[in-house]
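Quick notes on the structure that follows.
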Amino acid sequence: MSNDVVLVIVVATALAFDFTNGFHDTANVVATSISTHAMPPRIAVAYAAIFNFAGAFISLAVAATVAKDVVNADVITPTVVFAGLVGAIAWNLMTWYFGLPSSSSHALIGGVVGSAFVAGGADAVLGEGVLGKVLIPAIVAPIVAFVVGAIAINIIYGIVGRERPGTVNRGFRLGQVVSGGLLALAHGTNDAQKTMGVITLALIANGSLSSDASVPTWVVISAASAISLGTYFGGWRIIRTMGTRIIKMDAAQGFSAQGAGAAVILASSHYGFPLSTTQVISGGVMGAGAGKKLSAVRWGVAGNIVVAWLLTLPAAAAIGGATYGVCQLFGNGAAGPVIISALGVAGTALAFARRLRQEPVPA
Amino acid sequence: MFATVVDTKALLDTVLASVVAGVGVTAVFAILIFGVARSSDMARNDRPVLAVAAGGLAVLAFAVVTTAIVLGIIVMTQK
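Protein chains in written order, with the numbering used here: chain A, -15 to 347; chain B, 54 to 132.
Structure below.
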């Protein structure tokens, strides 16, 4: 009975994480389209929500990768998963509060690594998996997106630089509708699957599923719905940072950034490297700005984003580990997760109410 | 050490594919816009042959971009 209560809390927490993932990462997909007026804000966000929902159904192959490659499956219990999710959600909400784009994927991995470390010691963390599957791709992917964005914008200006601005801007705005849709699809495919994997892992750890079972249909549908709902409600603060605070971009730069992001995400997916869509598209935006003029990029804002990236894994790990430790203070039953969930819901509601009062949603 | 932790070939292939796809598609899309803009200018200036040639270039670029997008979606579904 106690285990089932923890499992229900884990599933609810995982869906809450998925919602914050969509909410937080909406900016990756729509910010450039909104800032160049390729699409009105509400339409852009609804469009991204639809493609995120569709993307979640495209493939289930990597659904359990997060836990399989970064922590030892033997130490996984529903409480470890719960604590990892709390670490990820807390970091996502903190970075949203300050309007900083950061990686939900790395927050989830950091949270699970931290809680597994506290639960099972150093042997619980698969160091090679963390390095090879998370850290190195995390460094390479945004640099590649930066370079691609910078080269692409120079080629674009070389080809259409002497044409009428009206035709050129209309053309690239139309192009952004397509590249934005591709980015949203890629995001739904990558990120919704991580939540599906976490819920499936908790079901297996609880004995509700056999270890070789595939992802249940209700898990796929609920994860797809949560991420697309989160996307629809959109994190406007991060959209503002991504869309206007890093660089003031024109339609060609927006298209270059989205094109660079889509190319890197698709290529990485094809070759099996899990990565952060946030980091990739931020790299593309900076590259498209720096490619036109180095001083066009507000390097102070870019520096804050880099700091948030660097802090994501250790901060989410610390929160995840601390959460697991607090849960253990109440024993192995459901008391710890119930108390932490109640406190988390209350804290989140307060933060949302405060922020939404300060931040009217664009029409 | 690095080679045992990371699949170096896959990483280099990823970088190469990203650069070729990202730069290639944006360049071809720019050619599409160039073709449309020139075609419209030539037609306005009563130069029908050049207008048709620029329009043809735009159609060709459109076909290449569309093919690249379809291929991208196929790659995603095969992940």
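C-beta: ideal position from N, C-alpha, C; glycine also.
For residue i: DSSP bridge partner residues
i: residue 290(A); result: Answer is none; residue 290(A) lacks a bridge partner.
i: residue 109(A); result: 55(A)
Residue i burial status per 10 Å Cβ neighbour count (16 or more: buried)
i: residue 191(A); result: exposed
i: residue 298(A); result: exposed
i: residue 48(A); result: Note that residue 48(A) scores a pLDDT of 49, beneath 50, so its modelled location is shaky; the value from the coordinates is reported in the next line. Buried is the call here.
i: residue 61(A); result: buried
i: residue 330(A); result: exposed
i: residue 97(B); result: exposed
i: residue 90(A); result: buried
i: residue 211(A); result: buried
i: residue 316(A); result: exposed
i: residue 349(A); result: Nothing can be reported for residue 349(A), as the shown portion of chain A is limited to -15 through 347.
i: residue 117(A); result: buried
i: residue -1(A); result: buried
i: residue 127(B); result: exposed
i: residue 137(A); result: buried
i: residue 61(B); result: exposed
i: residue 123(A); result: exposed
i: residue 234(A); result: buried
i: residue 197(A); result: exposed
i: residue 367(A); result: Because chain A spans -15 through 347 in this model, residue 367(A) falls outside it and cannot be assessed.
i: residue 173(A); result: buried
i: residue 120(B); result: exposed
i: residue 123(B); result: exposed
i: residue 164(A); result: buried
i: residue 91(B); result: buried
i: residue 202(A); result: exposed
i: residue 155(A); result: buried
i: residue 8(A); result: buried
i: residue 109(A); result: buried
i: residue 58(A); result: exposed
i: residue 326(A); result: exposed
i: residue 157(A); result: buried
i: residue 301(A); result: buried
i: residue 25(A); result: buried
i: residue 46(A); result: In this prediction, residue 46(A) scores a pLDDT of 42, lower than 50, which makes its location untrustworthy; no coordinate-derived value is stated.
i: residue 149(A); result: exposed
i: residue 22(A); result: buried
As assigned by DSSP and simplified to three states, the class of residue i
i: residue 2(A); result: helix
i: residue 84(A); result: coil
i: residue 78(A); result: helix
i: residue 241(A); result: helix
i: residue 60(A); result: coil
i: residue 97(B); result: helix
i: residue 232(A); result: coil
i: residue 255(A); result: coil
i: residue 178(A); result: helix
i: residue 40(A); result: coil
i: residue 314(A); result: coil
i: residue 199(A); result: coil
i: residue 92(B); result: helix
i: residue 298(A); result: helix
i: residue 194(A); result: coil
i: residue 277(A); result: coil
i: residue 260(A); result: coil
i: residue 338(A); result: helix
i: residue 33(A); result: helix
i: residue 282(A); result: coil
i: residue 270(A); result: helix
i: residue 24(A); result: coil
i: residue 60(B); result: coil
i: residue 46(A); result: The predicted position of residue 46(A) is uncertain, since its pLDDT is 42 and thus under 50; a value taken from the coordinates is nonetheless stated next. Residue state, collapsed to three classes: coil.
Cβ distance (whole Å) where residue i is taken to contact residue j below 8 Å
i: residue 296(A); j: residue 87(A); result: 5 Å
i: residue 207(A); j: residue 40(A); result: 6 Å
i: residue 311(A); j: residue 67(A); result: 6 Å
i: residue 78(B); j: residue 247(A); result: 7 Å
i: residue 87(B); j: residue 143(A); result: 5 Å
i: residue 239(A); j: residue 160(A); result: 5 Å
i: residue 98(A); j: residue 303(A); result: 7 Å
i: residue 32(A); j: residue 10(A); result: 6 Å
i: residue 132(A); j: residue 273(A); result: The pair is not a contact, with the Cβ atoms about 13 Å apart (cut-off 8 Å).
i: residue 265(A); j: residue 12(A); result: 4 Å
i: residue 17(A); j: residue 30(A); result: That pair is no contact at about 12 Å.
i: residue 107(B); j: residue 81(B); result: Their Cβ separation, rounded to whole angstroms, is 15 Å, which puts residue 107(B) and residue 81(B) out of contact at 8 Å.
i: residue 179(A); j: residue 2(A); result: 4 Å
i: residue 128(A); j: residue 71(B); result: 5 Å
i: residue 251(A); j: residue 74(B); result: 6 Å
Any non-hydrogen atom of the ligand HEM closer than 7 Å to residue i Cβ
i: residue 199(A); result: As far as ligands go, the structure on display features none, and thus does not contain the ligand HEM.
Runs of 4 residues minimum, wholly inside the region 90 to 173 of chain A: which ones carry the alpha helix (DSSP H) assignment? Within the region 90 to 173 of chain A, complete alpha helix (DSSP H) segments of at least 4 residues are found at 120 to 144, given in chain order.
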